[in-house]
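Following: one structure in structure tokens, then a few remarks.
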Amino acid sequence: MRLFRLLGKPTAALARFVVVAALLGSFIGSDTALAAEPSAAAKAAFEQGEKFAKEKSLKKAAASYTKAAKQGHSEAQYKLGQYYRSGRGGLKKDATKALGWFEKSAAQGFVRAMLQCGGHYYRGAGAAKDYKKSLGYYKKAAKKGEKYAAYMIGVHYQRGRGAKKSTKQAIKWYTDASGLGSTRAQNALGSLTTAARVLRKTISNP
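Right under this line is the structure:
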């Protein structure tokens, strides 16, 4: 009764409860923060960066991407990370800065940035190797249908990096990635299944 007094009549209370539950679920079930809509200024700076990039004016593109990235534009953050990763646009090559911008972008749900974060932590580029973080980023990207992410999850499980070694899980993720069209996963899956057949044959015929 106290709940109804706070929310209103039973039917109205139920409706409000459903809305509140849905909102809470969207936050609790999300793997990444909800990306805020970029400001008009951030969008304009990003578009200017794209224009300069097409014109091969990379220093100007880098300046525009930096402006947009600092205002929270997720794709600009990703592009700026790429510029730092390869040392383009007059920016000094810096894996640490690249990873920092990729992480900002990934936190807003930008999938290509998640892939970069997964790779950086797997290789130890811009930060110490951290297979658990790498696996976490790849899992987030895989949820969005990224075939390379699914393949790399299989690699993590096959090699026992960031998770307990599991051929079963490796096969599961390679199968998922193969279904998405990953030839690497198809090759890895073929190798695993062939090895399994050879092992079974060896055990049955010692």
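Just add 10 to the spot in the sequence shown (first one is 1) and you have the working numbering.
Glycine included, each C-beta is placed from N, C-alpha and C at the ideal position.
**Asked** Got a sec? Which residues, its chain only, sit under 6 Å from residue 63 by beta carbon, not counting five neighbours each side?
**Response** 71
**Request:** Express the C-alpha separation of residue 85 and residue 188 in angstroms, rounding to a whole number.
**Result:** Whole-angstrom Cα-Cα distance: 28 Å.
**Item:** 8 Å contact criterion, which residue 48 and residue 82 should meet: CB distance rounded
**Value:** 6 Å
**Asked** The alpha helix (DSSP H) with residue 61 in it runs from where to where?
**Response** 50–64
**Message:** So residue 158 and residue 192 are supposed to be a Cβ contact under 8 Å. How far apart are they, rounded?
**Reply:** Distance from residue 158 to residue 192 at the Cβ level is roughly 7 Å; contact confirmed, criterion being Cβ atoms closer than 8 Å.
**Message:** Measuring alpha carbon to alpha carbon, tell me which residue in 175, 176, 143 and 199 is nearest residue 186.
**Reply:** 199
**Distance, residue 168 Cα to residue 174 Cα** = Cα to Cα, residue 174 sits roughly 9 Å from residue 168.
**Item:** Euclidean distance between Cα positions of residue 96 and residue 126
**Value:** Whole-angstrom Cα-Cα distance: 13 Å.
**Prompt:** DSSP state of residue 166, grouped into three classes?
**Reply:** Residue state, collapsed to three classes: helix.
**Asked** What is the C-beta distance between residue 100 and residue 69, in whole angstroms, given that I count them as a contact (C-beta under 8 Å)?
**Response** Yes, they are in contact, since the Cβ atoms of residue 100 and residue 69 sit about 4 Å apart, within 8 Å.
**Prompt:** Which two residues bound the contiguous alpha helix (DSSP H) that contains residue 112?
**Reply:** 105–116
**Message:** Can you list, in chain order, the residues of its chain with a C-beta nearer than 7 Å to that of residue 164? Leave out the 5 residues immediately preceding and following it.
**Reply:** 180, 183, 184, 187, 195 and 198
**Item:** Neighbourhood of residue 34 by C-beta, 7 Å cutoff - its chain only, sequence neighbours within 5 removed
**Value:** Residue confidence for residue 34 is low, a pLDDT of 40 falling below 50, so the modelled location carries little weight; the figure read from the coordinates is stated next. So no residue of the chain qualifies.
**Asked** Exposed or buried, what is residue 144 when buried is set at 16 or more other beta-carbons lying within 10 Å of its beta-carbon?
**Response** The residue in question, residue 144, is buried, as its Cβ has 16 or more Cβ neighbours within 10 Å.
**Message:** Counting C-beta neighbours from all protein chains within 10 Å, is the total for residue 201 16 or more, i.e. buried, or is it exposed?
**Reply:** By the neighbour-count criterion, in which a residue is buried when 16 or more other Cβ atoms sit within 10 angstroms of its Cβ, residue 201 is exposed.
**Prompt:** For residue 104, which option in 140, 142, 152 and 130 has the closest C-alpha, if you only look at C-alpha atoms?
**Reply:** 130
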